[in-house]
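As they're listed, the protein sequences go chains G and P. Take the first sequence: its position 73, counting from 1, is numbered 73 in my numbering, and each next residue is one higher. Take the second sequence: its position 259, counting from 1, is numbered 259 in my numbering, and each next residue is one higher. This report refers to the structure that appears directly beneath it.
Protein chains: 2
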Amino acid sequence: MVMATLRDLEVRHLVALDAVATEGTFGRAADKLGYTQSAISQQIASLERLIDGKLFDRPGGPRPVELTPLGERVLASARELLARVDSVGEELDRFRTGEVGRITVGTYQSVSARVLPLVVGRMRAEYPDVEIRVLESDNDDDLDAALGRGELDLSFVVGDWAGQFDSLPLFDDPFVLVARPGEYKRGAVRLSDLNGAAMVGQHANSCQLMNEMGLRAAGLEPNYVFRTNDNGTVSAMVKAGLGVAVMPMLCVDPDDPGIELHPLRPALPHRRIAVAWRKGRTLSPVAVRFVEIAGEVSQVFVDRPLPWATSAA
Amino acid sequence: MVMATLRDLEVRHLVALDAVATEGTFGRAADKLGYTQSAISQQIASLERLIDGKLFDRPGGPRPVELTPLGERVLASARELLARVDSVGEELDRFRTGEVGRITVGTYQSVSARVLPLVVGRMRAEYPDVEIRVLESDNDDDLDAALGRGELDLSFVVGDWAGQFDSLPLFDDPFVLVARPGEYKRGAVRLSDLNGAAMVGQHANSCQLMNEMGLRAAGLEPNYVFRTNDNGTVSAMVKAGLGVAVMPMLCVDPDDPGIELHPLRPALPHRRIAVAWRKGRTLSPVAVRFVEIAGEVSQVFVDRPLPWATSAA
DNA sequence: GATGGTCCATCAGCGTCGCTGATGTTGAAC
DNA sequence: GTTCAACATCAGCGACGCTGATGGACCATC
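Structural data, given as structure tokens:
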């Protein structure tokens with residue numbers, strides 16, 4: 001016979017207390033709850049042991065029980081707790097359906113500008129009460145680290161991260177040459193034609209490194225005259241005649257008449273855009289839907305016109 | 001295999017969830033709580049069945065478990081509930097010690113004026129945070145009814161209520177003659193001397209009826225020229241010469257020089273003052289103390305000087 | 001790639017707990 | 001007194017929860 005404490009409390013006890021207080025007798029409470037009178041009697045006795053005090057006065061004979069002053073106090077707390085438990089249940093249901101929730105997503109400039117608005121728009125339409133937080137960074141490592149630490153639920157990433165993350169590949173984003181209209185003949189440009197050309201690029205990040213490695217692998221030593229991480233500035237510099245740029249196609253505004261895009265020949269290895277999350281981790285329902293939507297809206301980029309068609313428009 | 005719902009929730013589940021989330025592994029949580037790892041595993045599994053969703057991602061291998069998004073939500077609610085349960089426990093302790101509580105007491109004019117202040121004063125000194133509510137009524141039936149309905153925790157009553165209530169007798173309050181000083185010789189007055197005297201009395205209530213019955217039993221027909229339920233007004237009318245009054249001694253200000261008190265011979269059956277509560281009902285700790293204190297302070301009235309000594313002072 | 005270590009899941013065994021159904025007890029009403 | 005309507009108690013039993021051991025997954029290390 002060990003000492004019973006509130007840690008042994010069960011919701012069932014509170015339900016029984018409430019029912020007895022409401023119904024007035026153990027028997028009616030038992031009927032209501034689908035137990036026998038004996039069971040209710042034992043449940044209340046057990047609760048009285050936990051509380052360490054009588055909750056009901058039993059007048060004996062055919063008269064109903066009545067709460068003691070202690071019982072009144074406990075009942076008030078019990079009803080409060082029951083209401084809280086119920087509201088937790090409802091909140092969890094809302095969470096499961098995505099009615100409430102929060103999601104934090106990592107992203108970077110080109111995705112922020114071209115992909116994220118499409119996804120966020122559909123998310124807000126489907127789940128108006130879901131809070132969507134976005135962390136944008138120039139630096140892939142920041143996003144990876146934050147994702148690894150669990151600060152991000154999801155992150156857009158470049159490349160495959162099969163080792164560390166689970167991911168859904170969204171689309172391939174080819175490197176294209178950005179030049180002033182007419183500077184090169186329409187259509188593909190040979191890498192060798194870029195030899196010695198003044199180039200505009202980004203500071204060292206995964207795309208830029210991928211890009212430069214591709215160029216060097218083709219035997220040319222790029223001549224960077226300006227670097228910026230702002231994609232708009234890269235295009236602006238090209239327009240201003242500072243040089244040409246090799247950029248992921250997603251980083252360039254396809255409707256900008258001041259520039260012309262050219263496929264490269266041979267093509268550099270394209271970058272693969274994916275949305276990733278920590279390997280093996282369960283996603284919230286909202287996050288799952290976010291990934292689905294990201295996949296759906298990415299069809300736009302899978303099917304997008306090739307650069308020469310665009311510049312020829 | 002029946003469907004588990006939140007109604008099957010137990011505090012133990014929440015404690016286990018909290019411990020695992022805090023400790024990071026099932027094993028350490030088990031050590032902390034004095035269970036085996038197996039028990040914790042089963043408790044969490046059981047909770048996951050209740051919640052109908054995984055709460056932890058188990059990476060497998062030597063790495064600790066991590067909360068799923070659902071788990072985070074549930075944990076937050078669990079901690080809130082645990083805190084609430086703890087605070088209920090503390091509140092109940094305070095209730096038991098009388099540190100908090102409320103008591104509603106029925107009373108009537110003479111007790112309000114002479115007895116209650118003594119009791120309330122000591123109660124407030126002992127239990128400064130206990131709320132004391134007082135219902136005063138001219139009409140005994142009101143108090144009895146309110147006590148019977150449970151609206152009062154305690155009530156001062158006149159007479160024995162052995163049938164309906166439990167009670168503690170406090171003291172006996174004799175009926176005395178109230179007259180102007182010198183109107184009667186000091187000391188006892190014969191009932192027969194009151195025959196035909198103009199009298200001031202109360203409206204029909206238990207004391208007044210008791211009083212009149214006693215007079216009639218002694219063979220005299222009282223001649224009431226004025227009735228009021230206000231004890232001060234009775235005395236004032238006596239002082240003004242409207243008549244004499246037969247009153248419970250407690251209803252008269254013993255220090256009032258404008259009146260003189262006389263015992264009656266033969267004495268009328270005195271009224272017995274008691275504090276009563278519903279038969280068989282458990283009293284709150286504060287109410288128990290209230291009754292004790294009422295008994296203690298009533299010693300003043302048990303031992304109080306007889307009327308002729310008072311008026312001779 | 002084999003090994004050891006550290007996790008959690010699972011299983012069998014078993015004690016305990018909670019429920020049922022029947023019986024005992026109490027007090028009020030007739 | 002008898003009856004009735006309450007709750008308490010008891011024996012029995014089934015289910016549940018815990019223990020201790022085992023198994024499986026995964027990582028790190030060699």
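Note that beta-carbon positions come from the ideal geometry of N, C-alpha and C, so glycine has one too.
Using DSSP with H/G/I as helix, E/B as strand and the rest coil, what is residue i?
| i | result |
| --- | --- |
| T107(G) | strand |
| P64(G) | coil |
| L154(G) | strand |
| P117(G) | helix |
| L215(P) | helix |
| A204(G) | coil |
| H270(G) | coil |
| P59(P) | coil |
| V300(G) | helix |
| P263(G) | strand |
| E315(P) | Residue 315(P) falls outside the range modelled here, since chain P spans only 1 to 313, and no answer is possible. |
| V100(G) | coil |
| M237(P) | helix |
| L250(P) | helix |
| D230(G) | coil |
| D52(G) | coil |
| M199(P) | strand |
Which residues in chain P have a C-beta closer than 7 angstroms to the C-beta of residue i? List them in chain order.
| i | result |
| --- | --- |
| D31(G) | Correct list: empty, because the minimum Cβ distance to chain P is about 17 angstroms. |
| R49(G) | What R49(G) touches in chain P: nothing, since even the nearest Cβ is about 14 angstroms away. |
| K54(G) | T282 |
| F165(G) | Under the 7 angstroms cutoff, chain P gives no residues; its nearest Cβ is about 13 angstroms from F165(G). |
| F301(G) | Chain P residues near F301(G): none, gap ~28 angstroms exceeds 7 angstroms. |
What does a CB cutoff of less than 8 angstroms around residue i pick up in its chain, not counting 5 residues either side in sequence?
| i | result |
| --- | --- |
| A314(P) | Coverage of chain P is limited to positions 1 through 313, which leaves residue 314(P) absent and any answer about it impossible. |
| V20(G) | F26, A29, I40, I44, F56 and V65 |
| P285(P) | F95, R96, T97, G98 and G101 |
| Y127(G) | G98, E99, G101, V286 and R289 |
| M199(G) | P222, N223, Y224, V225, G243, V244, A245 and V246 |
Excluding the 5 residues flanking residue i on each side, which residues of the same chain have their C-beta closer than 7 angstroms to its C-beta?
| i | result |
| --- | --- |
| Q208(P) | G201 and Q202 |
| K348(G) | Residue 348(G) is absent from the structure shown; chain G starts at 1 and stops at 313. |
| L306(G) | P263 |
| V119(P) | F290, I293, A294 and V297 |
| P248(P) | S110, D173, F175, C207 and R271 |
| S235(P) | V178, V252, D253, D256 and I259 |
Evaluate residue i with the Cβ neighbour count: other Cβ atoms within 10 Å of its Cβ, from every protein chain shown; 16 or more gives buried, anything less gives exposed.
| i | result |
| --- | --- |
| H13(G) | buried |
| M213(P) | exposed |
| V11(G) | buried |
| G280(P) | exposed |
| T22(P) | exposed |
| R278(P) | buried |
| A312(G) | At A312(G), the pLDDT of 40 sits below 50, so the modelled position is not reliable and the matter cannot be decided from this model. |
| G53(P) | buried |
| N223(G) | exposed |
| S155(P) | buried |
| S87(P) | exposed |
| A16(G) | buried |
Take residue i and list the residues in its own chain whose beta-carbon comes closer than 6 angstroms to its own, dropping the five residues that flank it on each side.
| i | result |
| --- | --- |
| G24(P) | P64 |
| K124(G) | Checking the sequence shown, residue 124(G) turns out to be Arg, not Lys. So no residue of the chain qualifies. |
| G295(P) | L168 |
| D153(P) | I103, T104 and A287 |
Can we count residue i as close to the ligand COA, meaning its CB is less than 7 angstroms from some heavy atom?
| i | result |
| --- | --- |
| E91(P) | Ligands are entirely absent from the displayed structure, and the ligand COA is therefore not among its contents. |
Which chain G residues sit within Cβ distance under 9 angstroms of residue i?
| i | result |
| --- | --- |
| P64(P) | Those within 9 angstroms of P64(P) in chain G number zero; the least Cβ separation is about 12 angstroms. |
| R340(P) | This structure cannot speak to residue 340(P), because chain P is shown only from 1 to 313. |
| R84(P) | S77, E80, L81 and R84 |
| F290(P) | The contacting residues do not exist; F290(P) stays about 12 angstroms from chain G at best. |
| F171(P) | Per Cβ cutoff of 9 angstroms: no residues; F171(P) is ~27 angstroms from chain G at best. |
| F26(P) | Under the 9 angstroms cutoff, chain G gives no residues; its nearest Cβ is about 17 angstroms from F26(P). |
| F156(P) | Near F156(P) there are no residues of chain G at all, since even the closest Cβ is about 19 angstroms away, more than 9 angstroms. |
Strictly below 7 angstroms CB to CB, what residues from chain G border residue i?
| i | result |
| --- | --- |
| G89(P) | L6 |
| F226(P) | None at all; the shortest Cβ gap to chain G is about 44 angstroms. |
Whose Cβ in chain G lies nearer than 8 angstroms to the Cβ of residue i?
| i | result |
| --- | --- |
| R281(P) | D57, E66 and T68 |
Name the chain P residues whose beta carbon is nearer than 9 angstroms to that of residue i?
| i | result |
| --- | --- |
| L92(G) | L6, I51, D52, G53, L70, R73, V74 and S77 |
Check the Cβ of residue i against every Cβ in chain P and list those closer than 8 angstroms, keeping chain order.
| i | result |
| --- | --- |
| V15(G) | R7 |
Check your understanding: Does the region 219-227 of chain P touch the region 176-196 of chain P, meaning 3 or more C-beta pairs lie closer than 8 angstroms?
Key -> yes
Review point. Counting Cβ pairs, one atom from each stretch, are 3 or more of them under 8 angstroms apart for the region 120-133 of chain P and the region 90-104 of chain G?
Key: no
Check your understanding: How about the region 266-280 of chain P and the region 159-179 of chain P: do they share at least three Cβ pairs that are nearer than 8 angstroms?
Key -> yes
Practice item. May I ask you to verify whether the region 83-99 of chain G touches the region 105-112 of chain P, counting CB pairs closer than 8 angstroms and requiring at least 3? Key: no
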